[in-house]
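Numbering (the numbering used here), first residue to last: 26 to 584. The C-beta atom is built at its ideal place from N, Cα and C for all residues, glycine as well. Note that the coordinates shown come from a computational prediction; the quantities given were computed from them, not determined experimentally. Structure first, then comments.
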Ligand code: AMP
Ligand code: MG
């Protein structure tokens, strides 16, 4: 192991703080092919101090991770390791843990924190930046794919503002598991390679009630083609730094949207249109699986249309369009489930405004935003038809279902999964009870003791039966055989999602020293659409204890 300068010029020995060690090339860790375009092609901050500051005219600040004490690998995702051509033997090595804890650096890495701004809860917040994320570099794998590696929780950066640059184990477990769960659900997302715990404690006031507690710390290594956010563009537009704005836009086009052609006003407009399209596709996925991001600030919106920055997110347990898991947003509920499509558009408007200096006229911006709306609507219809096992579903059928789901507390995931078992093929022969029976488990209010059936009664029961009969008629009209319908529905209606209560159980165990449930949940969530008979307990609706427990129904941004 040796000590040297990073190639972006940071003297690792310049401060009294501990610095990660540089591994010898190929010793203990395979030589990865780094091609660090971000730091090579974009203007960087000449200042290399860790001190918090306003950074002008630069897209990033070179900064090294701050080593931690006693790093331990809690879990890793072998699929992500494979993307990086890392074998299981490498993942089990000390060097792997040291690197992804921020204690060691491999040859070719050029760590940095990115500068970005953002609109938070509807208000321009100025410079934000990677306050606790440190990118290590961009790996080119054997297939020529580019993957940026980024440590989250690796120590303070010039963008840490008043915070410590660290992350607690609970939020790191959530981000690690949910990144992978989303990928396996087929939702565009940043990935997670590793979860490392440390014996350094991190102090958090979880509910901002003046009662901070010291918690175990952790570091997640995130992986994505790029972590660029809307805020990476907004910051330069807001400051009138059009030259830097142009450079970061051209960089993005060159590396991430090369099919759109050379920089020109029309190309920027085509790019914005593509971002609008991808964002619509993304949000439609969130709506189909019942995911609530929780903090859709523009600094948390990926330019590639990926789910990014897992904080106080949640999957809907009972279908409540007004649900937000984020206590910070409890009053306004700006980022509630049903508002996500609108908020995404609002965020795209902010991105469009930032690109105006390069595009120079309003109509292309409006056209791009119209593509967002059209794409979202088309995707939403497509997904909900598929969730019902139909090729196409009348809008009123889907709208009425959404109303029904909210009428009586109904578990979204269980409901759609069980809908495949409703004997719609019996047509008018089917009794009301026969139609309702498969859905009994989806309802939260207690079952009827007499019939053992769901709590549905009165108008809710009548409306549900009417809807089921109408649905049965739609299925019949399309003529899909029952077995095929079930197969198709099971392929799009997940049986297993990362409910907050499941994440919380894994967190409780891991904080008590047993990471087993993190690893088991990762395994379950690898196959969200499959029946896993030995793991039925992970498919159950939210247990009563989780209804009001912190971390389950409510979360804060404190992580
Ligand atoms: P978020 O909305 O949680 O993704 O974060 C908003 C901003 O706060 C980003 O600039 C983050 O880098 C920064 N931030 C969040 N937590 C921390 C922390 N513990 N230390 C430093 N910066 C943080
Ligand atoms: Mg963020």
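- Message: Please determine whether the Cβ atom of residue 257 lies at a distance below 7 Å from any heavy atom of ligand 2.
- Response: no
- Would you call residue 412 buried or exposed, if buried means 16 or more other Cβ atoms sit within 10 Å of its Cβ? buried
- Message: Using a Cβ-based criterion (distance less than 7 Å to any ligand heavy atom), does residue 392 qualify as near ligand 1?
- Response: no
- Rounded to whole angstroms, what's the CA-CA distance from residue 506 to residue 497? Just pull it up for me. 12 Å
- Message: Determine whether the beta carbon atoms of residue 194 and residue 243 lie at a separation below 8 Å.
- Response: For residue 194 and residue 243, yes; Cβs fall inside 8 Å.
- Could you check how far apart the C-beta atoms of residue 246 and residue 176 are, in whole angstroms? I think they sit under 8 Å. 6 Å
- Those residues, in chain order, that have a beta-carbon closer than 6 Å to some heavy atom of ligand 2: 324, 325, 334
- Taking the DSSP output, what are the residues bridged to residue 436? 343
- Among 215, 357, 389, 236, which has the Cα closest to the Cα of residue 295? 389
- If you compare alpha carbons, which of 490, 214, 270, 199 is closest to residue 581? Nearest to residue 581 by alpha-carbon distance, out of 490, 214, 270, 199, is 199.
- Message: For the structure I just gave you, are there three or more beta carbon pairs, one from the segment 312-328 and one from the segment 538-547, closer than 8 Å?
- Response: no
- Task: Specify, as a first and last residue, the run of the beta strand (DSSP E) that residue 148 falls within.
- Result: 148-152
- Message: With a threshold of 7 Å (Cβ to nearest heavy atom), would residue 185 be considered close to ligand 1?
- Response: True, at least one ligand heavy atom lies under 7 Å from that Cβ.
- Message: Taking its Cβ as the centre, do 16 or more other Cβ atoms sit within 10 Å of residue 56, making it buried, or is it exposed?
- Response: exposed
- Item | Contact belief for residue 108 with residue 166 at Cβ below 8 Å, rounded distance in angstroms | 6 Å
- Item | Beta-ladder partner(s) of residue 145, from DSSP | 148
- Query: Grouping DSSP H, G and I as helix and E and B as strand, with all else coil, what is residue 529?
  - Reply: helix
- Should residue 404 go down as buried or exposed, given a rule of 16 or more other Cβ atoms within 10 Å for buried? Buried: at least 16 other Cβ atoms inside 10 Å.
- Message: Does residue 453 pass the burial test, meaning 16 or more other C-beta atoms within 10 Å, or should it be called exposed?
- Response: exposed
- Item | N-terminal and C-terminal residue of the beta strand (DSSP E) that residue 541 is part of | Where residue 541 is concerned, there is no enclosing beta strand (DSSP E), although the alpha helix (DSSP H) it sits in stretches over 541-550.
- Message: Here's the rule: buried if 16 or more other CB atoms are within 10 angstroms of the residue's CB, otherwise exposed. What is residue 355?
- Response: exposed
- Task: Give the straight-line distance between the Cα atoms of residue 185 and residue 583, rounded to the nearest whole angstrom.
- Result: 14 Å
- Task: Keeping to the same chain, check which residues put their C-beta closer than 6 Å to that of residue 196; ignore five residues upstream and five downstream.
- Result: Around residue 196, the same chain offers 584 as residues with beta carbons nearer than 6 Å, after the five sequence neighbours per side are excluded.
- Query: So, using beta-carbon positions, are residue 127 and residue 92 closer together than 8 Å?
  - Reply: yes
- Message: By the three-class DSSP mapping on this structure, what secondary structure does residue 427 have?
- Response: helix
- Message: With a threshold of 7 Å (Cβ to nearest heavy atom), would residue 331 be considered close to ligand 1?
- Response: It does not: the Cβ of residue 331 is nowhere closer than 7 Å to a heavy atom of ligand 1.
- Count the C-beta pairs between the segment 139-146 and the segment 256-273 that are closer than 8 Å, then say yes if the count reaches three, no if not. yes
- Can you give me the Cβ contacts of residue 145 inside the same chain, cut-off strictly under 6 Å, excluding the 5 residues immediately before and after it? 322
- Task: Using three-state DSSP, classify residue 505 as helix, strand or coil.
- Result: coil
- Item | Under 8 Å between C-beta atoms of residue 643 and residue 249 | There is no way to answer for residue 643, as the model of the chain reaches only from 26 to 584.
- Item | Straight-line gap, residue 483 to residue 489 (C-alpha atoms, nearest Å) | 10 Å
- Contact the segment 394-409 vs the segment 291-307: 3+ CB pairs below 8 Å: yes
- Task: Would you kindly work out how many angstroms separate the C-alpha atoms of residue 61 and residue 132, rounded to a whole number?
- Result: 12 Å
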